[in-house]
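Colleague: One structure follows; several queries about it will come next.
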Amino acid sequence: MLSYQRMTGKQRKLYRQVKNEEITIDKVADKLDVAEAQVIAAALKVHATIEDVQLDQNQIGDTGLQAIAEALTVNTTVTHLGLQLNQIGDAGAQALAEALKVSKTLIWLDLNKNQIGDVGAGAIAEALKVNTTTLTELFLGWNQIGDAGAQAIAEALRVTTTLTFLDLRRNQIGDAGAQAIAEALKVNTTTLTELFMSANQIGDTGAQAIAEALKVNTTLTENQIGDVGAQAFAKVAQVRPMMTCIDLQGNYIGDAGTRAIEEARFANESSAIDFDNQISPLAFSLQPRSSTTTDIQTVFHLLTRGPFLPALPAEIADRVLDEACYWQGVRYIKRPSHDGQALEVRVPWSIDGNSIQVKAIQALRYRSNRTDTDNIVFDLIVRDEHCAVRYKCAAKPTFVESTVECATIERASHGILREMREGWTVQLMPGAQPGVVIESLYIGFV
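My numbering applies: residue 309 is where the sequence shown begins, and numbers increase by one.
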């Protein structure tokens, strides 16, 4: 713990400011870093009245959150904690989960727009299974949570008795995760009242599962729902008149799904059903496959030291894994409107101490209409952990079909990928052509 005697003058001023706040900490300083987060943590350990801590859009990171989490294990007054946009990964989420297990006061937690993956989501879910009676609202949108994380959260939903609001928008959840949550909703029929899962990777199977489990009015927006899933939601609208709003924008609903939705409109005139901005399924089929660290390590072990195959040299085994294109990845998707802002993805921090190797960068766009392929480029910028520009390129598409364009940059042909490490970011600058419906930026790594 950082002692008051060892603080700088600026840190002591921050400590006194936090310690003297009566109800809330909000914007106590510009761009708090790790050291200042530790100062706030020290103040929270001795503060007896503060309730609301809002620290959005800072640079707290995993180390800073670990200090705050430790303080929350002894603080008995904080009820709301906001940590949006703080470069928090799995390690920070794991530390915070330990605090959630023992907290009797924290009811509202916002971790939107960070870098939390399946490991961090699993840790938070485990905390909710231990402490089932405190947290009521949980925000985990705009992170990197996949099916494994969603399945862990689903297990927590089965037993929590207080969680009423769950935000999982803009993650990487597919059908398996959606099915798990749907099964949990069948068990937890009275507690959770608001569930947001827009802009994930949910297809027909997941949509059908959630539609079947749907007991109250909710919204499932901008997922990969095709005709079968749309038909399932249409049936729900027909038999559940209390369901006044179904939002299916930004999916890939075809003619069959459209007909089913129109029939539902006639059967239940009170339901407002929106299914604009449908997307070609091709835009999603080009996304790289992904795997866990355990998957990769298991295959590498089998190739180099397995009992059933001749052992390969490590460099050849590494090449085999490269060719397989079956890596972990971080992806950020922006849709449906093109807002003029750069799309940015950060290489996550390793949680096992091993260095991360970036293998590929993929940029993808889907447009509402065909464009001139001769003028298509993807303007990419690579920045290091200090935000210094290390590389720029105008990448030509490696795949173009109709309204979908995709560029893949691989380690073998671009040396900058061999330099990239934890904390580096890739930015995709806005394209000049109009009509962009969806953009995706992906970094694959092992």
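The beta-carbon is built from N, C-alpha and C at its ideal position, and this holds for glycine as well.
For residue 421, which residues of its own chain have a beta-carbon under 8 Å away from its beta-carbon, when the five flanking residues on both sides are left out?
Modeller: The residue labelled residue 421 in the question sits at position 113 within the sequence shown. So the list reads 392, 393, 449, 450 and 451, once near-sequence residues are dropped.
Colleague: How is residue 392 classed by DSSP in three states: helix, strand or coil?
Modeller: Translated into the one-based positions of the sequence shown, residue 392 becomes position 84. Here residue 392 sits in coil by DSSP.
Colleague: Which value, in whole angstroms, describes the spacing of the CA atoms of residue 351 and residue 385?
Modeller: Within the sequence shown, residue 351 is the residue found at index 43, counting from 1. Within the sequence shown, residue 385 is the residue found at index 77, counting from 1. Approximately 13 Å, taken between the alpha carbons.
Colleague: Sort out for me which residues DSSP pairs residue 674 with in a bridge.
Modeller: Taking the sequence shown and counting its residues from 1, the one referred to as residue 674 is at position 366. For residue 674, which the question treats as bridged, DSSP gives the partners 712 and 746.
Colleague: When DSSP labels each residue in this structure, what does residue 698 get in the three-state scheme?
Modeller: Numbered from its first residue, the sequence shown carries residue 698 at position 390. Three-state result, residue 698: strand.
Colleague: Over what stretch of residues does the beta strand (DSSP E) that includes residue 689 continue unbroken?
Modeller: Position 381 of the sequence shown, counting from 1, holds the residue named residue 689. Residues 686-691.
Colleague: Between the C-alpha atoms of residue 722 and residue 652, what's the straight-line distance to the nearest angstrom?
Modeller: On the sequence shown, residue 722 is found 414 positions in, with the first residue counted as 1. On the sequence shown, residue 652 is found 344 positions in, with the first residue counted as 1. C-alpha separation (whole angstroms): 19 Å.
Colleague: Need the endpoints of the beta strand (DSSP E) that residue 735 sits in, please.
Modeller: Taking the first residue of the sequence shown as position 1, residue 735 is located at position 427. 733-736 is the extent of the beta strand (DSSP E) around residue 735.
Colleague: Taking just the CA atoms, how far does residue 317 sit from residue 466?
Modeller: Position 158 of the sequence shown holds residue 466. Position 9 of the sequence shown holds residue 317. Whole-angstrom Cα-Cα distance: 49 Å.
Colleague: Do residue 454 and residue 425 come within 9 Å of each other at the CB atom, strictly closer than that value?
Modeller: Here residue 425 corresponds to residue number 117 of the sequence shown, with the count starting at 1. Here residue 454 corresponds to residue number 146 of the sequence shown, with the count starting at 1. Against a cut-off of 9 Å, the Cβ pair of residue 454 and residue 425 comes out as a contact.
Colleague: Any beta-carbon of chain C closer than 9 Å to the one on residue 353?
Modeller: Looking for chain C here will not work: only one protein chain is present.
Colleague: Throw me the rounded Cβ distance for the residue 752 and residue 668 pair, which I believe falls under 8 Å.
Modeller: On the sequence shown, residue 752 is found 444 positions in, with the first residue counted as 1. On the sequence shown, residue 668 is found 360 positions in, with the first residue counted as 1. With 8 Å as the limit, residue 752 and residue 668 qualify as a contact, their Cβ atoms being about 4 Å apart.
Colleague: On a CA-only basis, which of 480, 744 and 665 is nearest residue 676? Give me that one, please.
Modeller: Position 368 of the sequence shown holds residue 676. The candidate whose alpha carbon is nearest that of residue 676 is 744.
Colleague: Give the range of the beta strand (DSSP E) segment to which residue 445 is assigned.
Modeller: By 1-based counting over the sequence shown, the position of residue 445 is 137. Residue 445 -> beta strand (DSSP E) spans 445-447.
Colleague: From 615, 456, 361 and 492, pick the residue whose C-alpha is nearest to that of residue 479; which is it?
Modeller: Locating residue 479 in the sequence shown gives position 171, where the first residue counts as 1. Nearest option by C-alpha distance: 456.
Colleague: Closest to residue 280 by C-alpha separation, out of 520, 498, 496 and 486, would be which residue?
Modeller: As shown, the chain starts at 309 and ends at 754. That puts residue 280 outside it, with no answer to give.
Colleague: DSSP state of residue 379, grouped into three classes?
Modeller: Residue 379 sits at position 71 when you count from the first residue of the sequence shown. In this structure, residue 379 counts as helix in the three-state DSSP scheme.
Colleague: Just how far apart, CA to CA, sit residue 516 and residue 537?
Modeller: Counting from 1 along the sequence shown, the entry for residue 516 is found at position 208. Counting from 1 along the sequence shown, the entry for residue 537 is found at position 229. For residue 516 and residue 537, the distance between alpha carbons rounds to 5 Å.
Colleague: With a cut-off of 8 Å, do at least 3 Cβ pairs link the segment 612-624 to the segment 708-728?
Modeller: They do not touch, by the three-pair rule.
Colleague: Could you name the residues of the same chain whose beta carbon sits closer than 6 Å to that of residue 474, not counting the 5 residues immediately before and after it, in chain order?
Modeller: Residue 474 sits at position 166 when you count from the first residue of the sequence shown. The answer, listed in chain order, is 446 and 503.
Colleague: Could you tell me which residues DSSP puts in a beta bridge with residue 654?
Modeller: Stepping through the sequence shown from its first residue, residue 654 is reached at position 346. Answer by DSSP bridge pairing, in chain order: 733.
Colleague: Whose C-beta lies closer than 7 Å to the C-beta of residue 481 among residues of the same chain, with five residues either side of it excluded?
Modeller: Taking the first residue of the sequence shown as position 1, residue 481 is located at position 173. 453, 454, 455, 458, 505, 508, 509 and 510, listed in sequence order.
Colleague: Going straight from the alpha carbon of residue 361 to that of residue 340, what length do you get?
Modeller: Residue numbering aside, residue 361 sits at position 53 when the sequence shown is read from its first letter. Residue numbering aside, residue 340 sits at position 32 when the sequence shown is read from its first letter. Spanning the two alpha carbons is a distance of roughly 13 Å.
Colleague: Going by the beta-carbon positions, is the gap between residue 724 and residue 690 smaller than 9 Å?
Modeller: Your numbering for residue 724 matches position 416 in the sequence shown. Your numbering for residue 690 matches position 382 in the sequence shown. Against a cut-off of 9 Å, the Cβ pair of residue 690 and residue 724 comes out as a contact.
Colleague: Looking only at C-alpha atoms, which of 374, 414, 539 and 544 sits nearest to residue 563?
Modeller: Residue numbering aside, residue 563 sits at position 255 when the sequence shown is read from its first letter. The option with the nearest alpha carbon to residue 563 is 539.
Colleague: Is the beta carbon of residue 732 sitting closer than 9 Å to the one on residue 397?
Modeller: Your numbering for residue 732 matches position 424 in the sequence shown. Your numbering for residue 397 matches position 89 in the sequence shown. No, Cβ-Cβ distance for residue 732 and residue 397 is not below 9 Å.
Colleague: Give the straight-line distance between the Cα atoms of residue 525 and residue 489, rounded to the nearest whole angstrom.
Modeller: Taking the sequence shown and counting its residues from 1, the one referred to as residue 525 is at position 217. Taking the sequence shown and counting its residues from 1, the one referred to as residue 489 is at position 181. Its pLDDT being 42, under 50, residue 525 is placed unreliably in this model, and the value from its coordinates should be taken loosely. Their Cα atoms are separated by approximately 16 Å.
Colleague: Considering only DSSP beta bridges, list what residue 666 is partnered with.
Modeller: On the sequence shown, position 358 is the one that residue 666 refers to. According to DSSP, which records beta bridges pairwise, residue 666 is partnered with 753.
Colleague: Residue 403 and residue 374 look like a contact to me (Cβ under 8 Å); what is the Cβ gap, rounded to whole Å?
Modeller: Working through the sequence shown from its first residue, we reach residue 403 at position 95. Working through the sequence shown from its first residue, we reach residue 374 at position 66. Confirmed, about 4 Å.
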